[in-house]
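Each residue of the sequence shown is one higher than the one before, starting from 1 at the first, in full-length UniProt numbering. For reference, the structure discussed in these notes is given below.
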Amino acid sequence: MGKKDRRTPQPAFVTLRDLPGTRVMFWVVGECPYCGERHLHPAGNLRTADPGERLGEVPAPCDPGRLYDLQLPPRPQRKKGKEARKKERRQGKAGSGWDLDE
1 MGKKDRRTPQ PAFVTLRDLP GTRVMFWVVG ECPYCGERHL HPAGNLRTAD
51 PGERLGEVPA PCDPGRLYDL QLPPRPQRKK GKEARKKERR QGKAGSGWDL
101 DE
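Dropping the structure here:
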């Protein structure tokens, strides 16, 4: 197997914040994949801009020669409902294999 290409952009998960008292929005990288620090990237005007257009590959402020990919964090998986848990329990009891006559 070959080595992983070190120049491929690393994912950086972001949150959208606004600057209080202004109309400016920023994408905040909580932890940079390269240096571990927090970075800010302008996302546009609060009223007119679509901040989603600013997501994607951008140069890292700590090392402009390297790129990272601004991404929204993954959503957590939904929990199963009460009925689905009951159904799983019933299926588990039916196939427990406790037949002693064998």
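The C-beta atom is built at its ideal place from N, Cα and C for all residues, glycine as well. Here the structure is a predicted model, which is why all the values come from computation and not from measurement.
For P42 and Q77, the rounded distance between their alpha carbons = 30 Å
For L70, does the count of other Cβ atoms within 10 angstroms reach 16, so buried, or fall short, so exposed?
-> Counting other Cβ atoms within 10 Å of its Cβ, L70 reaches 16 or more and is therefore classed as buried.
Beta-bridge pairing of D18 - partner residues as DSSP gives them = M25
To which residues of the same chain is C54 closer than 8 Å at the C-beta, ignoring the five residues directly before and after it?
-> Checking the sequence shown, residue 54 turns out to be Arg, not Cys. So the qualifying residues of the chain are W27, H41, P42, A43, G44, L70.
What span of residues does the beta strand (DSSP E) with D69 cover, start to end?
-> 63-71
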